[in-house]
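A quick write-up on the structure given underneath.
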Amino acid sequence: MHGKTILLIVGGGIAAYKALDLLRELRRAGARVLPVLTEGGSRFVTPLSLSALAEAPVRTSLWTLEDEATMGHIALSRAADLILVCPATADLMARAAAGLADDLATTLLLATDTPVMMAPAMNVRMWEHAATRANAATLVARGVTIVPPEVGAMACGETGPGRLPELPALMAAVAAHFGEKKLAGRHAIVTAGPTHEAIDPVRYIANRSSGKQGFAVAGALAALGARVSLIAGPVTLATPAGVERIDVESARDMAAAVEAALPADIAVMVAAVADWRVEAAATKIKKGSGMPVLRLEENPDILAGLAQHPLRPGRLIGFAAETGDLLAKAAAKRVAKGCDWLVANDVSDGVFGSEDNHVHLLTGAGSEDWGKASKAAIARRLAMRIADDI
Ligand code: C5P
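Structure below.
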């Protein structure tokens with residue numbers, strides 16, 4: 404974000420205090436930040452905090468002669484590479500959608516042709532209200548990027564979508580906006596989806612993996628400039644932009660495709676690989692000749708194999724779906740498999756096929772609870788984390 408100027412509009416919600424951390428992080432990433440505080444925002448954070456962190460004057464009103472003399476609001480609205488509204492309240496979104504210009508924030512939003520990004524944060528009912536839905540749709544249709552709020556417990560005591568995304572997710576959205584290609588020149592292998600293990604030519608054993616999380620990881624790595632080989636089990640998902648997709652069926656096909664895709668700098672094994680395959684019958688098993696017995700054989704563990712491989716990728720990341728006792732099982736699995744990081748998720752509450760996930764990242768240094776978020780947001784955060792670490 405070096406050399407970029409971000410006009411940060413802080414709206415009036417309890418999440419406003421998080422804008423202070425965001426401001427600091429944006430500056431740490433090299434951006435110049437011009438802060439604007441709405442009337443409501445000033446009830447939650449002070450102008451002094453914002454200007455001290457920005458090392459720039461904070462603007463709060465349309466009507467100060469001094470501000471207009473230094474940089475008028477029209478010039479201010481054009482001085483930035485990005486206008487970031489964080490938190491965006493339901494009211495601010497409604498006024499922006501209606502094209503009002505009744506305070507400095509809405510006037511800036513109306514007077515600009517600079518890209519606008521909004522990070523809404525509000526009570527779940529306000530976020531889900533038809534009026535807010537319509538306002539968000541209007542803003543998106545006009546080119547505003549909305550960073551969707553996360554699901555979780557909110558300050559008001561309710562639970563649901565409406566929480567401001569965590570700092571890394573916000574930073575990832577801004578970085579993605581500027582098209583930062585931190586992984587340019589890197590090759591990443593991602594496995595995704597289930598595998599199908601044939602019983603006979605017509606039947607197979609499968610699992611509930613939808614492939615959504617793995618496809619999102621592949622897309623997020625590609626968005627940061629990596630060359631991505633996505634080795635996908637049988638799923639019906641669109642290939643993310645800029646990703647090379649290799650379709651496979653069984654665990655053994657997947658293992659061979661991973662081997663063929665080496666060498667790589669990064670490997671993220673998201674696939675739910677079948678642990679066992681069947682000694683498959685060459686012809687369809689017919690009814691009437693007694694109960695068939697399926698003999699199982701163990702499949703190769705692709706992740707553990709990569710960890711021991713002479714071409715072991717420098718960053719090797721596994722996923723682990725568990726039901727109960729998540730962190731202890733995941734910590735043991737990270738060590739047993741020999742991967743650098745393990746992303747653990749509890750699948751006892753219907754993660755398969757859903758758009759959301761709740762993961763913990765286990766590194767050698769400990770574990771981090773990433774909270775419930777969309778699979779896309781988790782993928783962006785993981786990709787950014789890899790890019791920062793590599
Ligand atoms: O042992 P478990 O299946 O829980 O391990 C999950 C992790 O190991 C995932 O990253 C998965 O993609 C990987 N795995 C693999 N090959 C297998 C089984 C799991 O690569 N045969």
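If you use the working numbering, the sequence shown corresponds to residues 404 to 793, in order.
Where is the CB? At the ideal position from N, CA and C, for every residue including glycine.
**Prompt:** Taking the Cβ atom as the reference point for each residue, do C489 and L440 lie within a distance shorter than 7 Å?
**Reply:** no
**Request:** May I ask you to check if the CB of A674 is nearer than 6 Å to at least one heavy atom of the ligand C5P?
**Result:** yes
**M520, DSSP secondary structure in three states** = strand
**Counterpart residues of A776 in DSSP-defined beta bridges** = N760
**Item:** Those residues which DSSP pairs with E725 across a bridge
**Value:** D749
**Prompt:** Between which two residues does the beta strand (DSSP E) carrying E701 extend?
**Reply:** L699 to E701
**Request:** Could you tell me whether the Cβ atoms of V762 and I781 are closer together than 7 Å?
**Result:** yes
**Request:** Say yes only if the C-beta of N702 is nearer than 6 Å to one or more non-hydrogen atoms of the ligand C5P, and no if none qualify.
**Result:** yes
**Through-space distance from A626 to F618, alpha-carbon basis** = 12 Å
**Message:** Following a CB-centred definition, is F722 positioned closer than 6 Å to any heavy atom of the ligand C5P?
**Reply:** yes
**Item:** Spatial neighbours of L706 in its chain, beta-carbon cut-off 7 Å, leaving aside the 5 residues before and after
**Value:** M672, G721, K740 and C742
**Asked** In terms of DSSP beta bridges, what is S798 paired with?
**Response** Because the chain is modelled from 404 through 793, residue 798 falls outside the range shown and cannot be assessed.
**Prompt:** Taking the Cβ atom as the reference point for each residue, do A514 and S480 lie within a distance shorter than 7 Å?
**Reply:** yes
**Request:** Whole angstroms is fine: what's the gap from T562's alpha carbon to P568's?
**Result:** 14 Å
**Request:** Tell me the start and end of each unbroken alpha helix (DSSP H) in the region 454-498 that is at least 4 residues and wholly inside, in chain order.
**Result:** 468-473 and 476-481
**Asked** Based on the DSSP secondary-structure assignment, which residues constitute the bridge partners of E632?
**Response** Position check: residue 632 holds Ser in this sequence, whereas Glu was assumed. Answer is I592 and E647, bridged to S632.
**Request:** Determine the extent of the beta strand (DSSP E) in which V620 is found, giving its start and end residues.
**Result:** Not the beta strand (DSSP E): V620 falls in the alpha helix (DSSP H), residues K615 to A626.
**Request:** Report the partner residues of A556 according to the DSSP bridge assignment.
**Result:** T562
**Prompt:** If you count every other CB in all the chains shown that lies within 10 Å of the CB of A605, and 16 or more means buried, which is it?
**Reply:** One point to set straight first is that residue 605 is Val, not Ala, in the sequence displayed. V605 is exposed by the Cβ-count criterion.
**Prompt:** Is the beta carbon of E652 less than 7 Å from the beta carbon of H599?
**Reply:** yes
**Request:** Pick helix, strand or coil for R611, following the three-state DSSP scheme.
**Result:** coil
**Prompt:** Quick one: does the C-beta of I705 sit closer than 6 Å to a heavy atom of the ligand C5P?
**Reply:** yes
**Asked** DSSP state of P637, grouped into three classes?
**Response** coil
**Asked** Bridge partners of E600, per DSSP?
**Response** I608
**Buried or exposed (CB count within 10 angstroms, at least 16 for buried), Q711** = exposed
**Request:** With DSSP as the reference, label A675 as helix, strand or coil.
**Result:** strand
**Message:** With the cut-off set at 7 Å, would you say G565 and P551 are in Cβ contact?
**Reply:** no
**Message:** Please tell me whether A609 and P597 are closer than 7 Å, where the distance is taken between their beta carbons.
**Reply:** yes
**Asked** Which residue's Cα is closest to the Cα of E771: R784, L451 and R498?
**Response** R784
**Contacting residues, own chain, Cβ-Cβ under 6 Å from G628 (five flanking each side not counted)** = K584, L586 and A587
**Prompt:** In terms of residue numbering, what span does the alpha helix (DSSP H) encompassing R435 cover?
**Reply:** R435 -> not in any alpha helix (DSSP H); beta strand (DSSP E) instead, spanning R435 to L440.
**Request:** Enumerate in chain order the residues of its own chain whose CB-to-CB distance from N526 is below 7 Å, with the five nearest sequence positions on each side excluded.
**Result:** M557, C559, E561 and G565
**Request:** Please work out which residues of its chain come closer than 8 Å, Cβ to Cβ, to D775, disregarding the five sequence neighbours upstream and downstream, and give them in chain order.
**Result:** It should be noted that the sequence gives Lys, not Asp, for residue 775. Excluding sequence neighbours, K775 sits near E553, V554, G555, D759, N760 and H761.
**Asked** Between the C-alpha atoms of A576 and L429, what's the straight-line distance to the nearest angstrom?
**Response** 12 Å
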